[in-house]
Each structure stands twice: as C-alpha cells, then as structure tokens.
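Right, one structure below, let's go through it.
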Amino acid sequence: AATAPRIPPTRLALHHFDMNYSLQLKDLWPSVRASLLCEQKYGALLNSFSAVDHVTQELELLNATDFVSKALQKAQRSQRGAAAEEAGRGESRSQEGSGEGRTMMQVEMMTQAETSPPLRPSISSNIKCYTFPRGDITRFRPARLDALGLLNYYLMDAASLLPVLALNVQPDDFVLDLCAAPGGKTLALLQTGICGHLAANDISISRTKRLYQVLHSYVPKEIRETVSVTSCDGRDWGQLQGSTFHKVLVDVPCTTDRHSVMEEENNIFHRRRTKERQMLPMLQLQLLMAGILATKPGGEVVYSTCSLSPLQNEYVIE
1 AATAPRIPPT RLALHHFDMN YSLQLKDLWP SVRASLLCEQ KYGALLNSFS AVDHVTQELE
61 LLNATDFVSK ALQKAQRSQR GAAAEEAGRG ESRSQEGSGE GRTMMQVEMM TQAETSPPLR
121 PSISSNIKCY TFPRGDITRF RPARLDALGL LNYYLMDAAS LLPVLALNVQ PDDFVLDLCA
181 APGGKTLALL QTGICGHLAA NDISISRTKR LYQVLHSYVP KEIRETVSVT SCDGRDWGQL
241 QGSTFHKVLV DVPCTTDRHS VMEEENNIFH RRRTKERQML PMLQLQLLMA GILATKPGGE
301 VVYSTCSLSP LQNEYVIE
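1 is the number of the first residue of the sequence shown in the UniProt record's numbering; add one for each residue after it.
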C-alpha cells in the first residue's frame, strides 16, 4: 500500500493558523500572516556590564534607535498632553464663575500639570534595545568582546523585552524567571541592576546549559554568582519556594508561531508532537498557577507567550 505523503510541519502549522487566526483576526490576518512569514528582525539589547558608549554611537550611525527610551518619551508626551487637556476642560467649566474664580482654577490646573510626577519607566533605564526603523531589514553584525571578555550586545526579538518591561521590577525585588532558557529575558532583568535576588529556572537541562553560556558571555563573575540557576519542573515551584518572590515572570512554552511556520527543526507541529501540542494550555495553566503560588502577597506575575492563540493566552488567564 502506498504511504501518505509527508507534510512538513511548517505547512501543517500555517494551515492550522489559516484556519484559526483568520477567524480570530479577520481582516488583520493577511498582514499578520505576511509578518510571520517574513525574515525575523532582531533588536540589539545593550550589555550594561560592557563598555557600550562606542557601541551606542556605532548603532546610531547605522540609523538604529533605542525603542525603550523612545516609548518612554512618547508616553511622557502623552501624559503632558492629557494634563494640558484636563487644564483646558477646567477652564471651560469655570466660564460661568467669577473672573477671580477662573484665574484661581486656571492657576491650580496649570500647577498640577507642571508638578505631576513625570512618567517613570516601568523598569530601570539601564535597559536599552536598539532596533532599525520599520521596513529596514538591515542585520546587526555579531556582537564583539570588550576588554573584559564580555559581549557588547545580545541579539533577540525586541518584542521579547516587553514581558520584562511589564514586570515593573523595583529596587531590591526578589525576582523569579520560571521558564528562563535560553536566557535573553534573564539577561534583560540583570541589565536593570536593581534585582535584590534573581532566580532563573528551566526544566530542560540542555537549555539551562545555554542559559549558563549566556550568563558567562555577558555578565561579570561577581554578578553571575548572585543568580540562582536551577533545572526544576516549574510546575512544582510553588511547593519548592512558595510566597517568596516580589515579581515572577512566567514565559511559558507555546506553539512559538513564527518558528512553527519557518523552521522544520524542533517544530511542535511535527506529527509525533501532536499530543504535546494539544496539552500546551494545561501545561501553561499549571506553570502560571505555580508562578502565582511562588509570589509574595501583593506581588506581581507576568504571563507571556510567543503565540497569537487565545487558547494559550486569554483562556489560560481566565
């Protein structure tokens, strides 16, 4: 009997996304689909433990910009605009009052707008990640070693920084990166320079080795030795160290949509991994619950994936 033709997992993934994401995203799906199938663009996370002044200048000469500081500046402009708008509304409301009343209200509103605390970055300004403008497909050259033997930047998908920024780490926070390998987010957390303690865990021993390599390549020994690296099953963390951390990052295993449509190797849409893929939402829920149990009362948990699937995002949270 003839065997059925082997369908590449990348085609299976794209067919799966076409069937599901087209219903979810509707008219947006064609542009999102094209983005998934385009060559991946990387950001350059500057290593604050390295001498980076000349690196910053080189990247800016290439027309790359730090998207973290640009986002902060945009937010601050928005805050000032909102304060000015509120002052304008206050002036309008006071039109029926006396001239003196209007003057006093205007002064009060202007004073509030001027003295409102500026919007602070949700994380240390030490985090700098350079990206090229939209439509610019220039590639960053490989990172180079500085005089201390540390690499000057780490290439990563810039969107991978968003969960770290959302974690809102404050000085002396105890932080847990529950699914840490290969190490980009752990490195970004260290760039803040304000973690009181950082624990980085990943169930995969081989991936944990990659995490060690990243720390060794980018972080001075005295800082590396303050990071607790483990290879435990993250689902058990609540029992291992419950109510311990101020901030917990739960960046869970997922369908990794871009990888699934672009790479044959280690593709979760391979037929032999069907059961594993179907069980992902349950695994993700278990990891999230463990992260919550590991958090101190009043602490914060950030849950993130590299997938557009509601089953792996909203439904897990809900």
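Where a beta carbon is used, it is the ideal one built from N, C-alpha and C, also for glycine. Computed from a predicted model, the values in this text were never measured in an experiment.
Taking the C-alpha atoms as reference points, what is the distance between residue i and residue j?
i: P310; j: S35; result: 19 Å
i: D146; j: A71; result: 29 Å
i: Q241; j: A143; result: 36 Å
i: N131; j: V68; result: Rather than Asn, the amino acid found at residue 131 in this sequence is Thr. If I take the Cα positions, the gap works out to 10 Å.
i: E85; j: Q40; result: 40 Å
i: L283; j: R210; result: 22 Å
i: S204; j: M262; result: 23 Å
i: H16; j: T10; result: 10 Å
i: residue 366; j: H259; result: Absent from the model: residue 366. The displayed extent of the chain is 1 to 318, so no value can be given.
i: L12; j: F269; result: 6 Å
i: T256; j: T305; result: 8 Å
i: L280; j: D236; result: 17 Å
i: L14; j: T208; result: 30 Å
i: A265; j: R77; result: The question names Ala, but residue 265 in the sequence shown is Glu. For E265 and R77, the distance between alpha carbons rounds to 45 Å.
i: L189; j: G88; result: 41 Å
i: D66; j: R6; result: 44 Å
i: N152; j: F140; result: 12 Å
i: I223; j: S22; result: 46 Å
i: residue 320; j: N20; result: Any answer about residue 320 is impossible in this case: the structure gives the chain only from 1 up to 318.
i: P8; j: G135; result: 29 Å
i: E318; j: T56; result: 42 Å
Tell me the residue span of the beta strand (DSSP E) that contains residue i.
i: H246; result: F245 to D251
i: L46; result: G43 to L46
i: A199; result: H197 to N201
i: T208; result: Run containing T208: none in the beta strand (DSSP E); it sits in the alpha helix (DSSP H), I205 to Y218.
i: P56; result: Position check: residue 56 holds Thr in this sequence, whereas Pro was assumed. From DSSP, T56 is part of no beta strand (DSSP E) but of the alpha helix (DSSP H) over D53 to L61.
i: M156; result: Y153 to M156
i: S231; result: Here S231 belongs to no beta strand (DSSP E), and DSSP marks it neither H nor E.
Helix, strand or coil: which one does DSSP assign to residue i?
i: E314; result: helix
i: S309; result: coil
i: M289; result: helix
i: G299; result: strand
i: F174; result: strand
i: T131; result: strand
i: V68; result: helix
i: T111; result: Residue placement at T111 is poorly supported in this model, since its pLDDT is 41, which falls under 50; the coordinates still yield a value, given next. Helix.
i: V261; result: helix
i: L145; result: strand
i: T274; result: helix
i: S304; result: strand
i: S78; result: helix
What do you get for residue i, buried or exposed, if any count of 16 or more other CB atoms within 10 angstroms of its CB means buried?
i: C179; result: buried
i: G234; result: buried
i: K26; result: exposed
i: I127; result: buried
i: P253; result: buried
i: A64; result: buried
i: S61; result: Note that residue 61 is Leu in the sequence shown, not Ser. Per the 10 Å Cβ criterion, exposed.
i: L59; result: buried
i: T138; result: exposed
i: Q312; result: buried
i: G99; result: Confidence at G99 is low in this model, with a pLDDT of 47, below 50, so the placement of that residue should be treated as unreliable; the coordinate-derived value is given next. Under this definition G99 is an exposed residue.
i: C38; result: exposed
i: D177; result: buried
i: D202; result: buried
With respect to 8 Å, is the separation between the Cβ of residue i and the closest non-hydrogen atom of the ligand GTP below this value?
i: D172; result: Looking for the ligand GTP in the displayed structure turns up nothing, as the structure carries no ligands at all.
In terms of residues, what are the limits of the alpha helix (DSSP H) holding residue i?
i: M19; result: P9 to L25
i: V164; result: L162 to A166
i: V32; result: W29 to L37
i: T186; result: G184 to Q191
i: I223; result: K221 to R224
**OP:** Say whether the segment 173-192 touches the segment 141-161, bearing in mind that this needs 3 or more beta-carbon pairs closer than 8 Å, one atom from each stretch.
**Re:** Flag = yes, the segment 173-192 and the segment 141-161 touch.
Subject >> the segment 243-250 in contact with the segment 217-227 per 3-pair CB rule at 8 Å >> reply: no
Original post:
Quick one: any contact between the segment 249-263 and the segment 301-316, if contact means 3 or more CB pairs under 8 Å?
Top reply: Yes, the segment 249-263 touches the segment 301-316.
Subject >> Three or more C-beta pairs below 8 Å linking the segment 267-278 and the segment 219-230 >> reply: no
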